[in-house]
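S.K.:
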Amino acid sequence: MVHFVGAGPGAPDLITVRGAEHLKKADIVIYAGSLVNPVLLGLCRESARIYNSAEMTLPEVLDICTKGHAEGWDIVRLHTGDSSIYGAIREQMDALAAEGIPYDVIPGVSSFCGAAAELQAEYTLPGVSQTVIITRMAGRTPVPEKEALERLAAHGATMVIFLSAGMLSEVSAALLAGAYTEDTPAAIVYKATWPEQKIVRCTVGTLAAAGAEQGISKTALILVGDFLGDGYEKSRLYDPNFETGFRRREASYES
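Below you can see the structure in the form of structure tokens.
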């Protein structure tokens, strides 16, 4: 069986318990070597066969899975973060299904969650933003025209931009073409939760300069929105004057 495992954002203790157990038992591990922390490979058995998919094509990955399945081996396909976000797993799952090879998916902690944790930030602040847009800038890999960054920026919501750290000037221009201003808070988080992590707080207008100053051009997330500012409303969920199915309004607040 093939197990698609989310490795987490980088810190080796942020892989899930289930994912770690599969990694420990695997006969074959195919890991995304350009992004997955190699420290995680220390969980593997000495006899495990380990392949770096950064050096492989899709047919080569599938060939190993097919041959391993025929031998009755347990296979882990180790992706960075959570494999459902820019993991290119659909094409792998479809190919496995066509060959009658069973698989499952073990979720992981996405880097956008790791970045928020390191920033000690909350993406969905009452009165600020209740929507998170996860996207990328069009580059060598295009995006649908209706999802062009400047179109999504019209919402002014919290935005997390993947795979775009090498195009910070273009990202800034696209954001300014939407609802954001030069002074809208932003952050660049390089390798969230890794030992070499860098956090750069800036604004939409200073994105390019901030990235250049820190030498960041890849493996980083761009976070944009007023959730990075100071203003917000308190949640009604814990308001003593707000009644829920689990808690009555406090007597002192009743009319």
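Under our numbering, the residues of the sequence shown are numbered 1265 to 1519, in order.
Just so it is clear, CB atoms sit at the ideal spot from N, CA and C, and this is done for glycine as well.
Computed from a prediction, not measured in an experiment: that's the story for all the values here.
#1: Pick from 1442, 1379, 1385 and 1472: whose alpha carbon is nearest that of residue 1431?
#2: What distance in whole Å lies between the Cβ atoms of residue 1278 and residue 1373, which are believed to be in contact at a cut-off of 8 Å?
#3: Report the partner residues of residue 1453 according to the DSSP bridge assignment.
#4: Report buried or exposed for residue 1455, applying the criterion of at least 16 other Cβ atoms within 10 angstroms of its Cβ.
#5: To the nearest angstrom, how far is it from the Cα of residue 1313 to the Cα of residue 1292?
#6: Going by beta-carbon coordinates alone, are residue 1492 and residue 1453 separated by less than 7 Å?
#7: On the DSSP bridge list, what partners appear for residue 1313?
#8: Is the CB of residue 1476 under 7 Å away from at least one CB in chain C?
#9: What would DSSP say about residue 1367, mapped onto helix, strand or coil?
#10: With 16 as the cutoff for other CB atoms within 10 Å, does residue 1271 come out buried or exposed?
#11: Run through DSSP, which three-state label would residue 1351 get?
#12: Spatial neighbours of residue 1420 within its chain, please: CB distance less than 6 Å, with the 5 preceding and 5 following residues excluded, ordered by chain position.
#13: What residues in its chain sit with their C-beta under 8 Å from that of residue 1330, if we drop five residues either side in the sequence?
#14: Rounded to whole angstroms, what is the Cα-Cα separation between residue 1483 and residue 1299?
#15: Candidates 1447, 1423 and 1451: which alpha carbon is nearest residue 1480's?
#16: Decide if residue 1301 is buried, meaning its Cβ has at least 16 other Cβ atoms within 10 Å, or exposed.
M.R.: For this structure:
#1: Minimum Cα distance to residue 1431 is reached at 1472.
#2: Contact between residue 1373 and residue 1278 holds: CB atoms are separated by about 5 Å, below the 8 Å threshold.
#3: The partner list for residue 1453 (beta bridge, DSSP) reads 1463 and 1485.
#4: Burial call: buried.
#5: Approximately 5 Å, taken between the alpha carbons.
#6: No; because the gap between Cβ atoms is not below 7 Å, this pair is not in contact.
#7: Its beta-bridge partners are 1292.
#8: Protein chain content of the structure displayed is limited to a single chain, and chain C is not contained in it.
#9: In the structure shown, residue 1367 falls within a strand segment according to DSSP collapsed to helix, strand and coil.
#10: The residue in question, residue 1271, is buried, as its Cβ has 16 or more Cβ neighbours within 10 Å.
#11: In this structure, residue 1351 counts as coil in the three-state DSSP scheme.
#12: So the list reads 1443, once near-sequence residues are dropped.
#13: Taken in chain order, the residues that qualify are 1363 and 1365.
#14: Spanning the alpha carbons of residue 1483 and residue 1299 requires a straight line of approximately 8 Å.
#15: Ranking 1447, 1423 and 1451 by Cα distance to residue 1480 puts 1451 first.
#16: Label assigned to residue 1301: buried.
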